[in-house]
Structures are given as structure tokens and as C-alpha cells.
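Take the sequence shown: its position 127, counted from the start at 1, is 127 in the UniProt record's numbering, and no numbers get skipped.
Built from N, CA and C at the ideal position, the CB exists for glycine as well.
Data first, discussion second: the structure below is written as C-alpha cells.
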Amino acid sequence: MAWIEPAIVTYGVLALLVILYFESFGVPLPGESALIAASLLAVRGDLAIGHVFLAAWLGAVLGDSTGYLIGRLGGRPLLNRFGYVVKLTPERLSRLEKTVETKGFFMVLTARFVVVLRQLNGLIAGSAGMPWPHFVAANALGALLWAGLWSFGPYFFTDAFKRLI
Numbered sequence: 001m002a003w004i005e006p007a008i009v010t011y012g013v014l015a016l017l018v019i020l021y022f023e024s025f026g027v028p029l030p031g032e033s034a035l036i037a038a039s040l041l042a043v044r045g046d047l048a049i050g051h052v053f054l055a056a057w058l059g060a061v062l063g064d065s066t067g068y069l070i071g072r073l074g075g076r077p078l079l080n081r082f083g084y085v086v087k088l089t090p091e092r093l094s095r096l097e098k099t100v101e102t103k104g105f106f107m108v109l110t111a112r113f114v115v116v117l118r119q120l121n122g123l124i125a126g127s128a129g130m131p132w133p134h135f136v137a138a139n140a141l142g143a144l145l146w147a148g149l150w151s152f153g154p155y156f157f158t159d160a161f162k163r164l165i
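Below, the structure written as C-alpha cells:
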């Protein structure tokens, strides 16, 4: 993870956007750490906090939307064929689809705050057939809350944490 700060210092918020984009559709990258690092760089004056927030929100929304499209276009056949590898039986897949149908909006909204779910929620929602308008609304709102927390939280509360340490 030592490469995060130098990448963001060198390439700015574009590096943050790219990291969060790829992390949001399943690539194992340290997105949350990158966002916190960018927020702390904004505290130092190296980046504008508004740009950090916008890059985080945009990267998260676009990445999850890409994951959704991947899941929507190819996820179901893959789950039918290889679901047993991750113990996803037809019964469990059916339950997952019912959960997405009844609680999908809340699931996508809150998954952004849980590490593994953040990376997979778009793929799961697309594979389970969540309607695109519901997904986009939940994804945009969840990303707004998540990006706001991890952009502005470290930015505004750094001094409070310094005093605690």
C-alpha cells in the first residue's frame, strides 16, 4: 500500500478515481485507504477536498455500474454453471434474487460500507436482475454517503484525531 500516496501525489484525483473505479467492480485494490490518503493530502493542501469527493463519488458510481453491467450481461450464466464452487446452490440463488427484489435498494445502498460487499454489490445486483433504475439510484446515493464520510471525515476531523493520539 506504500504506492497509494505517491500515485495520488503524482497523478492527483485522477489516480483516486481510477483506483476507486476498479475497486468498485471487484478488482482487489485499497480504495478506502486511497480515499483516506487523498483526504489527508487535501488537509495538507496538496489536493482540493471538493475534487477528492467528486473523484471518489464518480469512481464509485461508475465502477459499481460497470460491475452491474458485467453481472447483468454474463453473471447469471456463470452463477448457474459455477455457483456450486462458492456454495451458491439453485435454492440459495433463488433466495438471493428474492432478497434483491424486496430489499435490493437498501442492500446496494449499505453494501458500500462493507469491505467485500462494496466490491461485489454491482455484480450481485446485476446477476440477480435488480432493475437498472433502482440500482442507479441506490448506487448513487450509497456512493454519495460513502464518499462524503471518507472524504470529509478525515479532512474535518484530522485535528481531533491528532489530539487523541
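Here GLY104 is buried. Its C-beta has 16 or more other C-beta atoms within 10 Å. In this structure, the straight-line span from the alpha carbon of PRO6 to that of VAL18 is close to 14 Å.
C-alpha of VAL27 to C-alpha of GLN119: approximately 7 Å in a straight line. In the structure shown, the three-state DSSP call for LYS87 is coil. DSSP places PRO6 inside the alpha helix (DSSP H), whose first and last residues are 4-11.
Assigned with DSSP and collapsed to three states, ASP46 falls in coil, not helix or strand.
In this structure, the alpha-carbon of TRP150 lies about 30 Å from that of GLY75. The C-alpha of ALA48 lies about 27 Å from the C-alpha of THR110. With three or more CB-CB distances shorter than 8 Å, the region 151-160 counts as touching the region 35-49. Going by DSSP, ARG118 is part of the alpha helix (DSSP H) stretching over 115-127. Here GLY122 really is in contact with ASP64; their C-beta atoms are around 4 Å apart, less than 8 Å.
Annotation: the continuous alpha helix (DSSP H) that includes LEU78 extends over 76-82. The DSSP-derived three-state label of PRO154 is helix. The three-state reading of DSSP puts LEU20 in helix, counting H, G and I together.
Here ALA128 has LEU96, GLU97 and VAL100 as same chain residues with Cβ atoms under 6 Å from its own Cβ, once five neighbours each way along the sequence are excluded. The beta carbon of LEU88 lies closer than 8 Å to those of LEU79 and LEU96 in the same chain, with the five residues before and after it left out.
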